[in-house]
Every structure is written in C-alpha cells, then in structure tokens.
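Protein chains: 2
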Amino acid sequence: MDNRESILDVALKLFADKGYDAVGVQEVVDAAGITKPTLYHYFGSKYGLLEAILDKGFDRLMDKVSTPMNSSDSDVREQLFNVAKAFLTFAVDDGIFFGFMLSLMYSPKSSDSYKAVKPHLLNLYQSVIDMFMRASDMLGNMNGRQEQFAMGFLGLLNQYAYTYSERTLVIDEELKNHVTDGDIRALIQQYMYGIVN
Amino acid sequence: MDNRESILDVALKLFADKGYDAVGVQEVVDAAGITKPTLYHYFGSKYGLLEAILDKGFDRLMDKVSTPMNSSDSDVREQLFNVAKAFLTFAVDDGIFFGFMLSLMYSPKSSDSYKAVKPHLLNLYQSVIDMFMRASDMLGNMNGRQEQFAMGFLGLLNQYAYTYSERTLVIDEELKNHVTDGDIRALIQQYMYGIVN
DNA sequence: TTTTGATTATACCGATTGGTATAGTAAATG
DNA sequence: CATTTACTATACCAATCGGTATAATCAAAA
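If you're matching them up, the sequences are chains A and B in order. Numbering of the first sequence is given in the numbering used here, commencing with residue 620 and proceeding in unit increments. Numbering of the second sequence is given in the numbering used here, commencing with residue 620 and proceeding in unit increments.
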C-alpha cells in the first residue's frame with residue numbers, strides 16, 4: 620500500500636472514531652508514518668483529504684447499490700429487497716465508512732464535514748428517487764411524494780443498520796451483525812404496507 | 620437574562636450550527652458579550668458547558684414526553700400517539716436543541732460530544748423500553764424484543780422529525796413544520812402494523 | 001549523462017486552541 | 001462599617017492548529 624492509500628485508510632479510521640474536527644493533521648501523518656508535506660502533496664488540504672475519503676467511500680457504496688437500483692425488476696418488492704440487501708451488506712462490510720457517513724449525514728449544516736458530504740448525499744437521494752419514479756406504474760399514484768418515499772426508505776435502512784451495528788447502546792450483543800434475508804424481507808414488508816396504503 | 624443563561628443560549632446555537640469541536644471558547648464568549656473567566660467560573664471547562672447544555676435540553680425533552688409515557692392508557696395506540704405527538708412537538712418547538720441532539724446521537728463513539736450525550740440517550744431509551752414493558756399484556760408476547768421495539772420507535776420518530784425539519788435536503792418547502800395529528804396517526808398505524816405482526 | 005518531475009523530510013510560520021493567575025468590582029452578610 | 005462571597009476583566013500561558021518554504025532524494029525520460 621503506497622503512502623496515498625495508507626493516508627486515506629488511516630485518516631478514515633481516525634475521523635470515524637473521533638470526528639473530523641477533533642483529529643489534527645499531525646495525528647494523521649504520525650499514524651500513517653509519514654510527514655505533513657506528503658499529505659499536503661496528495662490532498663492539498665485537510666478538507667481535500669476528507670473529500671478524497673468521501674469520493675472513495677461513496678464510490679464503493681454506489682457500486683454496490685446501483686445495480687439493484689437500476690434493474691428493471693417487475694416485482695417492486697423484490698427490487699426493494701435487493702437494494703436493501705446491498706445497502707445493509709455494505710453497512711456491515713464497510714462498517715467504518717458507513718458509520719462515518721452516518722455521522723456526517725446528521726452533522727451540523729454549517730460544518731465543513733456536512734458541506735463535503737452534501738453532494739454525495741444528494742446524489743444518493745436522487746438515485747433512490749429515480750428508482751421510485753421508474754416504479755410509478757407498479758406502485759400506483761404516488762402523488763409526487765416520491766421524495767418522501769425515498770427519504771423514508773433510506774431512513775429506515777439507516778436506522779436498521781445503525782441499530783444492528785457496533786454503535787448500538789443497549790441492544791443484545793448476540794444480535795449484532797446478524798442481518799438475515801428474512802429480516803430484510805420483513806423490513807420491506809413493513810415499508811410497503813406504509814406506502815401503498 | 621443573566622450571563623450564565625446567555626452563555627448557555629449562545630453556545631447551544633453555535634454548537635448546533637457548526638459542531639462542538641469546531642467552535643472555540645473565544646467564539647462563545649465573544650458572541651455572549653463576556654470574557655473567558657466568566658464562562659470558566661460557571662462551567663469549569665468547555666466540556667462542562669456542553670454538559671450543562673445537554674442537562675437543560677434533555678430536561679425540557681423529558682418534561683414533555685414523560686407524562687404521556689407514564690400514563691397507563693388502556694389503548695396502546697393512543698399512548699404511542701401521545702408520546703409521538705409530544706416528541707415531534709418538541710422537535711419543532713425546540714428545533715435547535717433537537718438538531719444538536721440528533722447530531723450528537725450519530726457522532727463518533729470516541730468523541731467528547733458522544734460521551735456527554737450517552738447517559739442522556741440511555742435514560743431516554745430506558746424510558747421508552749419501560750413503556751413497552753408495561754404494555755406487554757396489551758401488545759402480546761414481545762419475546763424480549765422490547766429494546767428493538769423501543770429503538771425502532773425512536774428511530775422512526777427521529778427520521779420523521781429530521782425529514783420534516785429545516786435540515787432536509789430535497790423535500791418540498793411547503794411540507795416543513797407541518798406535522799398534523801393525521802400524519803402522526805398514520806405513523807403510529809404503520810409502526811403498530813410492523814410490531815404486532 | 002543530464003534533466004525533469006514526483007515524492008518526501010526538516011524546520012518553520014502566524015493564528016488559535018483550551019485554560020488560568022491576578023486583581024478588581026459589586027453586592028450581600030456580619 | 002467591615003468582611004466575605006460571587007462574579008468578571010486584563011493579560012497571559014504552553015500546546016496545538018492548518019499550512020508551507022526549502023531542499024534532498026529518486027526514478028524515469030531525454
């Protein structure tokens with residue numbers, strides 16, 4: 620692994636663990652075993668490093684979810700199941716980035732971290748909205764509420780991933796990282812009931 | 620408003636807007652029109668100020684939701700409706716604190732902000748769990764899944780409040796801050812369906 | 001062999017960080 | 001009136017912040 624990659628790797632771990640603002644550039648370069656000019660050569664600024672981390676992480680996420688999202692499945696339920704499964708699999712396999720993404724989603728609007736993640740979130744939201752648009756004929760008249768459906772769907776997945784992640788406070792230890800197909804089908808069932816009236 | 624109160628007020632606004640780590644003590648005292656020793660006299664440290672803000676905010680929240688949560692309503696649906704309404708009303712009326720609370724909920728585990736909010740969240744979770752425990756006979760056998768029900772219920776409310784708050788990215792402007800009783804009843808309906816099978 | 005461009009370390013920059021020692025003021029208490 | 005207690009400003013602290021000027025190293029190209 621070259622220096623650029625190890626900086627990205629180490630910085631993601633530190634940012635995810637302590638938060639972007641609480642981690643100094645010096646701490647990153649020490650952990651990566653390099654010095655400041657190397658970091659600034661590759662990323663230009665601390666903010667540039669954050670952007671590079673997000674670019675890479677959202678690439679991984681979109682790689683996983685875009686296939687099921689763009690498939691023209693005739694069964695809406697089956698398509699939502701496939702999207703949910705891809706999303707939750709990513710949340711487990713790429714847990715560090717996923718947790719960091721969640722923390723940025725809910726971070727204050729005027730923070731640098733939020734500014735960096737905003738375009739990626741908009742892109743993700745738009746992809747989900749488009750999926751619901753394409754499924755209009757199968758879901759019936761959504762009365763232009765595709766955006767709410769998309770946000771609700773993502774919110775449900777986030778809540779589910781969060782609850783079953785290492786970040787949970789009081790949940791039984793045994794339940795961690797155990798997301799079965801049956802769980803996901805039950806989740807979709809509940810969601811479908813809500814939106815089709 | 621005395622100095623102590625205006626510090627709490629100004630600091631909450633700054634922390635909620637830019638994040639705890641991104642706001643310096645100097646910035647707080649400048650905005651409050653006082654000097655550092657005054658702040659350190661009342662709160663001892665920046666972290667102590669954060670704790671005081673959270674103590675005060677969670678007091679306001681628990682004041683609003685504890686009454687409906689502790690009422691021995693015979694109709695579970697009605698009780699959940701009352702709790703949801705109190706919660707969402709707080710999210711609208713006390714939007715700045717609510718947004719800050721959300722950002723701390725999802726902030727990195729090792730951050731100071733998370734350490735400060737963790738006991739309050741545990742307390743809130745426990746209250747909701749207790750409510751479900753007491754409703755056991757009405758909800759049927761929950762198979763020890765009260766914790767998941769509680770987390771799911773809170774997650775749903777948070778997602779709902781978040782979606783209808785000023786923090787939304789793509790939602791229609793008209794929908795902001797319009798949370799009707801009908802909306803809440805629909806929300807509870809959807810939730811009930813999911814947990815009673 | 002010389003040159004060029006990419007990469008990296010040493011050493012430094014001004015500004016800001018959270019926090020405090022000292023002294024003063026003002027109001028309440030004896 | 002004297003004393004104590006609560007409160008607040010001036011001025012300062014070492015440490016860390018994000019960032020950089022300079023120069024050395026090294027591989028590839030000319």
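Glycine included, every Cβ here is placed at the ideal spot set by N, Cα and C.
- Annotation: the continuous alpha helix (DSSP H) that includes B:V684 extends over 665 to 689.
- Look at B:R696 here: in three-state DSSP terms it is helix.
- Rounded to whole angstroms, B:M724 and B:M750 show a C-alpha spacing of 21 Å.
- Residues of the segment 722 to 755 of chain B with a Cβ closer than 8 Å to any Cβ of chain A, in chain order: S722, M724, Y725, S726, P727, K728, S729, S730, D731, S732, K737, L740, L741, Y744, Q745, I748.
- In summary, A:A805 is exposed, with fewer than 16 beta-carbon neighbours lying within 10 Å of its beta-carbon over all protein chains present.
- Residue-level contact by beta carbon fails for B:D628 and chain A, as no gap is shorter than 8 Å.
- Three or more beta-carbon pairs separated by less than 8 Å link the segment 714 to 723 of chain B to the segment 670 to 682 of chain B, which places the two stretches in contact.
- Per DSSP, the unbroken alpha helix (DSSP H) holding B:A651 starts and ends at 644 to 651.
- Take B:V644, set aside five residues on each side of it, and the residues of its chain with a beta-carbon closer than 7 Å to its own are K655, L658, K665, in chain order.
- B:S784 is not a Cβ neighbour of A:G638, given a cutoff of 8 Å.
- Between A:K632 and chain B, the shortest Cβ-Cβ separation is not below 8 Å.
- Approximately 6 Å separates the beta-carbon atoms of A:M811 and A:R696; this is inside 8 Å, confirming the contact.
- Under a 10 Å Cβ-count criterion, B:P738 is classified as exposed, with fewer than 16 other Cβ atoms of the shown protein chains found around its own Cβ.
- When C-beta distances to chain A are compared with 8 Å, every residue of the segment 647 to 680 of chain B stays at or above that value.
- Spanning the alpha carbons of A:L699 and B:Q809 requires a straight line of approximately 18 Å.
- Interface criterion met: the Cβ of A:T782 is under 8 Å from a Cβ in chain B.
- For B:K728, the closest alpha carbon among the candidates A:M681, A:L721, A:E670, A:L740 is that of A:L721.
- Scanning its chain for C-beta atoms nearer than 7 Å, with the 5 sequence neighbours on each side dropped, one finds around B:E766 the residues I748, in chain order.
- Looking only at B:T708, B:D694, B:D628, B:Y781, the smallest Cα-Cα distance to B:L669 is reached by B:D628.
- Not a single C-beta of chain A is nearer than 8 Å to the C-beta of B:D802.
- Residue state for B:P738 is assigned as helix, using DSSP reduced to three classes.
- Taking the C-beta atoms as reference points, A:V647 is found no nearer than 8 Å to A:L631.
- Taking every protein chain shown into account, the CB of A:N701 has 16 or more other CB atoms within 10 angstroms, so this residue is buried.
- Among the residues facing chain A, B:G714 is not included, as its CB has no counterpart in that chain under 8 Å away.
- Sequence-distant partners of B:A710 (beyond 5 residues in either direction) whose C-beta falls short of 6 Å from its own C-beta, in its chain, are F717, A780.
- Against A:Q765, chain B offers no close residue; the least beta-carbon distance is about 10 Å (beta-carbon pairs closer than 9 Å).
- Residues of chain A whose Cβ lies closer than 9 Å to the Cβ of B:Q645 do not exist, since the nearest Cβ in that chain is about 16 Å away.
- Counting every other CB atom within 10 Å of its CB across the protein chains shown gives B:D640 a total of 16 or more, marking it as buried.
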